[in-house]
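Encoded as structure tokens, the structure appears first; notes follow it.
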Amino acid sequence: MALKVRELLKLAHKKNTAIIAFECIDYNMVYAIAVASQKTGIPAIVMVEPATCIDKNDCHPTAFSGIFKGVAEQIDAPIALHLDHCYDFSYILNTMKNGFGSVMYDGSKLSLEENIKNTKKVVEAARVFDCDVEAEIGHVGMANAEDNQNIDFYTKPETAKYFCEETGISSLAIAIGSAHGMYKKTPQLDLERLEQINAATDTPLVLHGGSGIPNEQLELAFKKGINKFNVGTEYFQVYYAAISEFCEKYKIVDHYSKTPLHVLDLPKYTQNKLIDYLVKKLQLTKL
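Under this note's numbering, the first residue of the sequence shown is numbered 1471, with each subsequent residue one higher.
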């Protein structure tokens, strides 16, 4: 059952918690999210990032939209589809035309006024396709560069307020001490800043760089205004570990093998590992 991201954010806001969005690259990862969501009754968001599609050639956005649609029709689960960090208007427009109900335009490396100008252009196009738009103020950088400790990157409450009023976005990604990738040391979210940003705008707030943040901090962040929480690295690690485990355990390349498992059992094996992880992870939202 495909839903709009805005519906899930509204639910999260009402329940004073966050919806978890998981970065994906293929059918197995999408299918596992749908099954886990169905099992728990807890909504989730399926994401894909253009860099994954283009640089890594892991998937194509139109094909990915088709995968999501097929899974959503197959499994009765409260899930939504979202395009993560994208810097190119043409690419965003193409995804909106091809089934994405939510997109993120990331102009966080630009000047404030240029970010506003470009974001407004995306929002105007999104109205035609009834799409949601996420944008970013401040800059959520990379954990391996310890960008999460650079206060210069953090979102300012007054800037967040101005940006949301000027653009009319659906949700706002903010920088409060998180970063993408695996942290060198445990991050410390600036929860006081989060409270100030939340007080400055009614726009739902998004936390990127969720892998490796302690649950205690996340639960406080949810209570203080975060309505969407992104997980990428952690989910990929579970997936890759499952593939490695299968290959090491069975060492099979012949799908006609008479041994208990063969290579065509790999998808189901990895799906089950992902589902186990997701069922536990989704409990964090308390929905």
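Where is the CB? At the ideal position from N, CA and C, for every residue including glycine.
### Query
For Gly1748, which of Val1475, Cys1494, Asp1576 has the nearest alpha-carbon?
What sits at residue 1748 in the sequence shown is Leu, not Gly. It is Cys1494.
### Query
Which residues bound the beta strand (DSSP E) around Cys1556?
It spans 1549-1556 - the beta strand (DSSP E) in which Cys1556 sits, taken as one unbroken run.
#### Entry: Ala1645 vs Phe1623 beta-carbon contact at 8 Å
In this structure, Phe1623 lies closer than 8 Å to Ala1645 by Cβ.
### Query
Using the beta-carbon count (16 or more within 10 Å), is Lys1631 buried or exposed?
Answer is buried; the Cβ neighbour count reaches 16.
### Message
Comparing C-alpha positions only, which one of Ile1512, Asp1558, Ser1535 sits nearest to Lys1751?
### Response
Of the listed residues, the one whose Cα sits closest to Lys1751 is Ile1512.
### Task
Locate the alpha helix (DSSP H) running through Asp1602, then write down its first and last residues.
Premise fails: Asp1602 lies in the beta strand (DSSP E), 1602-1607, not in any alpha helix (DSSP H).
### Option in Thr1629, Glu1636, Glu1477 with minimal Cα separation from Ala1670
With distances taken between CA atoms, Ala1670 lies nearest to Thr1629 out of Thr1629, Glu1636, Glu1477.
### Task
Give the single residue among Asn1498, Ile1562, Cys1556 whose Cα lies nearest to the Cα of Phe1538.
Out of Asn1498, Ile1562, Cys1556, Asn1498 has the C-alpha closest to the C-alpha of Phe1538.
### Task
Compare the C-alpha of Ile1688 against each of Ile1713, Gly1571, Leu1659, Gln1666 and name the closest.
The sequence shown places Leu at residue 1688, rather than the Ile named in the question. Nearest of Ile1713, Gly1571, Leu1659, Gln1666 to Leu1688, Cα basis: Leu1659.
### Task
State yes or no: is the C-beta of Leu1659 nearer than 7 Å to some heavy atom of the ligand NAP?
Absence of the ligand NAP is noted for the structure shown, with no ligands found whatsoever.
### Task
Take Ile1515 as the anchor and find which of Ile1524, Leu1734, Tyr1501 has the nearest alpha-carbon.
Here the closest residue by C-alpha is Tyr1501.
### Query
By Cβ distance, which residues of its chain are closer than 6 Å to Leu1736, with the 5 residues on each side in sequence left out?
Excluding sequence neighbours, Leu1736 sits near Phe1716.
### Query
So, Thr1532 versus Asn1568, is the Cβ gap smaller than 8 Å?
Yes; because the gap between Cβ atoms is below 8 Å, this pair is in contact.
### Query
How many Å lie between Val1541 and Gly1682 at the Cα?
Cα to Cα, the separation comes out at about 28 Å.
### Query
Can the beta-carbon of Ala1547 be found less than 8 Å from the beta-carbon of Val1573?
No, they are not a contact pair.
#### Entry: Coarse secondary structure for Glu1636, derived from DSSP in three states
Three-state DSSP puts Glu1636 in a helix.
### Among Lys1480, Phe1633, Asn1486, the one whose alpha carbon lies nearest that of Leu1754
It is Asn1486 whose Cα lies nearest to the Cα of Leu1754.
### Task
Locate the beta strand (DSSP E) running through Tyr1575, then write down its first and last residues.
1572-1575 is the extent of the beta strand (DSSP E) around Tyr1575.
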